[in-house]
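Peer 1: Structure provided below as structure tokens; questions to follow.
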Amino acid sequence: MGFVVIAWLLLPGVLADAAAVVEAMPAQVAPGELPVVETPTATPGDGVDVVLDLVPAGDASVEELLKGTTAIEQLSLESFLATETQVASKKTQKVREAPGVITVFTREEIAAIGARDLLDVLALVPGFVPAQDSQGSISVGFRGLWSNDGRHLVLVDGQEMNEPFYTNVRMNYRLPMEQIERIEIVRGPGSAVYGGYAELAVINIITRSAANQTGIVAVSTVGVFDRVDSRRIGVSLAYANKFKELGGLETSVALFSGKAHQSLGVYQDQYGVRYRMIRENSQQEPLFANLGLAYQGLSLRFIYDGYQTYLRDMLDSSTAKPYRLQDLGRYFEARYEAKVASGLTITPRITIKRQQPWRVTDPSLGDYYMKTADRYLGNVTVSYDALTHAGILKDLNLLGGVEIYDENAKLDAPAACDDTFQCPFLDFHDPPNTDGKQRIHYRNQAVFLQGLAITDYGSLTLGGRAENHSIAGTSVVPRAAYTLVAGPVHAKLMASQAFRAPGIENINIVPTQADGTPYETKPEKTTVFEVEAGYQIADIAWVTANAFDITIHDPISYYFDPVTGSEGYKNFDKTGSRGIELEARVREKHGFLTLGYSFYTAAGKNTVPQYAVPTSMPSEFNEGDLDNKTLYRQNVLLGWPQHKITAYGGVELFRDLWVSGSLLFLSKRYGYASATLAADQAIDHYNLTAQDPALLLSAFVTYRNLGMKGMNVAAGVHNLTDERWRYVEGYDGGHAPSPAPSREYLLRLSFDEGAFTTEPQ
């Protein structure tokens, strides 16, 4: 921390201020009055990836308009710039036209809220709420439903980060936020496009590359709680460049390493064991490397994820001393985009990934776990643009493809099978061998089709996906969407089905049926209806509102019987939610503000005991009693606030000095916090507690071009009032609520060489 403070104090006196004065921007125009300019993009170093929607033909290009502006000032241009995305349909469309409820977080917004990890960003997106899983893992739920078990897909530069055993993604202090260009979030199902991890939502993370960065970017972050270090120096280094003399070869290299702790708070497990979450009791150590290469249609990507953490919590109990848990991943992709004819593009893709999640190498621990999974995937996508201009039909895109992957899992160390999780795999041959084996192999085959028709009266998207898993069986999911943009107004109607493919351990850790054979886990099937409406107010503001209805049939849920000690995964009857989400955005040259509200209810939707909130504490759950209003709360599910309010924004006090902040309000949440023992000291049941509403405030000050162009410093505080809030488990998994981050002071220094590539007018 010392060298950062010294550098901060000395730089203003050593370096001359080289920042150029920004020329006045062109006058803004009213929406719908002017023709569209086709997909020009910002030059490297400008820090945005947007297209100009309302610039008159023959006027200045986007590159010329953005020259001389700083990255934060470009936020004011979003009143007449429309971001393009492929996340909803794999076809480039503006966000207002895309067939999905979409939120895009830009690099500037991520920096303005001082995001420490992906949780800080998703907490400000309508519908998402941070939640506790077992063994120190923090992830999110979505729209009142536990979504970490393979119900939301996380992509980093196109690579699936979901691990294949439990299909989870650990999000706390894992990914380098300083290296992210933007985060595209589909707040709705994506299985028709992406397959079985995208049942409820898609989180697409795009890092900086030669398209939006030139030269070196270096970031160093330190943090402290009130009395002790919260994070040692976190270092993020990245380099990207495009070599015109080599035919446009693009390269990018990024590294990230750090060390952080979760909280100053005290964790108490179900049996009353208490310890403070500081030091090795909740220490997180990310190590992330990302290498990219692109040349004339060919792109290569390699990612190494070496995340590890030290902790003491297991499922419902704690260990006497900290132990190490690792989530290791290696990802490789080769892709070639071949434009074989006018409007016809064929894109073959090969990906290889090896993951070793939840890795505990100490065999003396109850949750000793050492397994490896390899996935080899081949995919071919064909896209054809037919520019018809016939009658009301203006454009037609046809997209389809096939995908095949083999998944191999192995037990890395011998196991006596005295612990369920380290047991060998079930063999599903006929007759089944329930003694298990050291290796298992699955195959998955899929075909997907989509048609996008653009007419004078809106856009119609029809498509679907059929997927067959060698053990879990076949899933077929259709989708349909209609979108209309008429001047400042847009509307979307969407109906789709989605599915969640069971993970390796969802298939492996199952109860035994009466005939002695293992229970067969089948995919979930989800039906979702969504409607969205939006209105742009003049040049500086727009509002959107959406409503949703989600029904999940045959949900796969973890269950644990504290009386018998049995546990595993199986399909239940149904769960779901319905609700609304509101968002308002204001963008002006000297400031921006985003407000959000979300609400859900589970009334008439849930029959899964593991998700239900009882009004009393029966020792046994009966699925038939779930509709009894005197025994169970009908509107709310474990872990999730029915109401959530968010706000974040910033204002320029004077040249290069910005003040920003965020607000997050969560209403009451319910979770299990302690165990009651029977006369024989066996667990009778877990006790439910209500977590008080939480109000979290954050504030940051950012000074750009400190002493020289591209040198920035930011200082601020998360959880300004030191709210003592907790992460709650979103299902009955036995884990007590754990302390969320305490008040934390952050100091961040960054240098962006790309700032030199933009010349003032």
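Residues 440 to 1200, numbered by the working numbering, are exactly what the sequence shown covers, in order. For each residue, glycine too, the CB sits at the ideal point set by N, CA and C. Every value quoted in this text rests on a predicted model; they were computed, and no experiment measured them.
Give me, in chain order, the residues of the same chain whose beta-carbon lies closer than 6 Å to that of G1201; leave out the 5 immediate sequence neighbours on both sides.
Peer 2: Residue coverage of the chain in this structure runs from 440 to 1200, which leaves residue 1201 outside it and unanswerable.
Peer 1: For the alpha helix (DSSP H) containing V560, name the first residue and the last one.
Peer 2: Counting along the chain, the alpha helix (DSSP H) containing V560 begins and ends at 557-561.
Peer 1: Comparing alpha-carbon positions, which option in E1022, I1019, H1029, L1076 lies nearest V1047?
Peer 2: Among E1022, I1019, H1029, L1076, the Cα nearest to that of V1047 belongs to L1076.
Peer 1: Hey, would you say T900 sits closer than 7 Å to A920, going by beta carbons?
Peer 2: Going by C-beta atoms, T900 is nearer than 7 Å to A920.
Peer 1: Quick one: does V705 have its CB under 7 Å from some CB of chain B?
Peer 2: Although the question refers to chain B, the structure presented lacks it and comprises just one protein chain.
Peer 1: Spatial neighbours of V1140 within its chain, please: C-beta separation below 6 Å, excluding the five flanking residues on both sides.
Peer 2: So the list reads V1098, A1154, once near-sequence residues are dropped.
Peer 1: Please report the Cβ distance between T913 and A925, rounded to the nearest whole angstrom; I am assuming they are in contact, meaning their Cβ atoms lie under 8 Å.
Peer 2: Contact flag wrong, Cβ pair sits at about 40 Å.
Peer 1: Closer than 8 Å is the cut-off here; do at least three beta carbon pairs connect the segment 604-614 with the segment 1018-1034?
Peer 2: With a cut-off of 8 Å, the segment 1018-1034 and the segment 604-614 do not count as touching, because too few Cβ pairs lie within range.
Peer 1: Please return the same chain residues whose Cβ sits closer than 6 Å to the Cβ of D755, not counting the five positions on each side in sequence.
Peer 2: Taken in chain order, the residues that qualify are Q709, G1173.
Peer 1: With which residues is D668 paired in a DSSP beta bridge?
Peer 2: DSSP lists V663 as partners of D668.
Peer 1: Alpha carbon to alpha carbon, what distance is there between M1147 and G507?
Peer 2: For G507, the predicted model reports a pLDDT of 39, less than 50, meaning its position is unreliable and no value from the coordinates is stated.
Peer 1: Exposed or buried, which one is A649 when buried takes at least 16 other CB atoms within 10 Å?
Peer 2: A649 should be labelled buried.
Peer 1: Would you give the residue range spanned by the alpha helix (DSSP H) that A550 belongs to?
Peer 2: Here the alpha helix (DSSP H) through A550 covers 546-551.
Peer 1: Pick from V579, V916, Y896: whose alpha carbon is nearest that of A940?
Peer 2: Of the listed residues, the one whose Cα sits closest to A940 is V916.
Peer 1: Classify P628 as buried or exposed, calling it buried when 16 or more other Cβ atoms lie within 10 Å of its own Cβ.
Peer 2: Buried is the call here.
Peer 1: What do you get for E684, buried or exposed, if any count of 16 or more other CB atoms within 10 angstroms of its CB means buried?
Peer 2: When all chains shown are included, E684 counts as exposed.
Peer 1: Okay, do the segment 597-609 and the segment 536-543 touch, 3+ Cβ pairs below 8 Å being the bar?
Peer 2: The segment 597-609, when compared against the segment 536-543, does not touch it at the 8 Å Cβ threshold.
Peer 1: Could you tell me the boundaries of the beta strand (DSSP E) in which S803 lies?
Peer 2: Run containing S803: none; DSSP gives neither H nor E here.
Peer 1: I791 to G673, Cα distance in whole Å?
Peer 2: Computed Cα separation, rounded: 29 Å.
Peer 1: So, with DSSP's three-state summary, where would you put I943?
Peer 2: Note: I943 maps to helix in three-state DSSP.
Peer 1: Are the CB atoms of L703 and A728 nearer to each other than 7 Å?
Peer 2: No, the pair does not count as a contact, with Cβ atoms beyond the cut-off.
Peer 1: Rounding to the nearest angstrom, what Cα-Cα distance links Q1130 and S1177 in this structure?
Peer 2: If you take the alpha carbons of Q1130 and S1177, they lie about 11 Å apart.
Peer 1: Less than 7 Å between the C-beta atoms of N985 and I995, yes or no?
Peer 2: No, the pair does not count as a contact, with Cβ atoms beyond the cut-off.
Peer 1: What residue does the alpha helix (DSSP H) around S630 start on, and which one ends it?
Peer 2: Segment 630-633, the alpha helix (DSSP H) holding S630.
Peer 1: Taking only the alpha-carbon atoms, compute the straight-line gap between G711 and S1113 and give it to the nearest angstrom.
Peer 2: Between G711 and S1113, the C-alpha separation is close to 7 Å.
Peer 1: Just reading off the beta strand (DSSP E) that A986 is part of, what are its end residues?
Peer 2: Looking at the DSSP string, the run of the beta strand (DSSP E) that includes A986 is 980-992.
Peer 1: Could you tell me the distance, in whole angstroms, from the CA atom of K810 to the CA atom of G768?
Peer 2: If I take the Cα positions, the gap works out to 12 Å.
Peer 1: To the nearest angstrom, report how far apart S1103 and I831 are at their CA atoms.
Peer 2: As written in the sequence, residue 1103 is Leu, which differs from the Ser given in the question. Spanning the two alpha carbons is a distance of roughly 45 Å.
Peer 1: Let's test the definition: count the other Cβ atoms within 10 Å of the Cβ of V625 and tell me whether it reaches 16, buried, or not, exposed.
Peer 2: With 16 or more other Cβ atoms within 10 Å, it is buried.
Peer 1: In chain order, what residues of the same chain lie with their CB nearer than 8 Å to the CB of P565, ignoring the 5 residues before and after it?
Peer 2: Closer than 8 Å at Cβ, skipping near neighbours: T542, R626, E1020, L1021, E1022, G1035, Y1036, S1037, K1083, T1085.
Peer 1: For Y998, which of A977, A825, P802, Q1049 has the nearest alpha-carbon?
Peer 2: Taking only the C-alpha atoms, the option nearest Y998 is Q1049.
Peer 1: In whole angstroms, what separates the C-alpha of W447 from that of R1143?
Peer 2: Caution applies to W447, whose pLDDT of 32 falls short of 50 and renders its modelled position unreliable; the value that the coordinates give is listed next. Cα-Cα distance, rounded: 12 Å.
Peer 1: When the distance is taken between beta carbons, is F1093 closer than 7 Å to G1149?
Peer 2: Against a cut-off of 7 Å, the Cβ pair of F1093 and G1149 comes out as no contact.
Peer 1: Could you tell me the alpha carbon to alpha carbon distance between R763 and E963, rounded to whole angstroms?
Peer 2: For R763 and E963, the distance between alpha carbons rounds to 33 Å.
Peer 1: Among L594, K876, S1101, which residue has its Cα nearest to the Cα of L525?
Peer 2: According to the sequence shown, residue 525 is Gln rather than Leu. Nearest option by C-alpha distance: L594.
Peer 1: For T758 and V568, I'd like the C-alpha separation in whole angstroms.
Peer 2: In a straight line, the C-alpha of T758 is about 28 Å away from that of V568.
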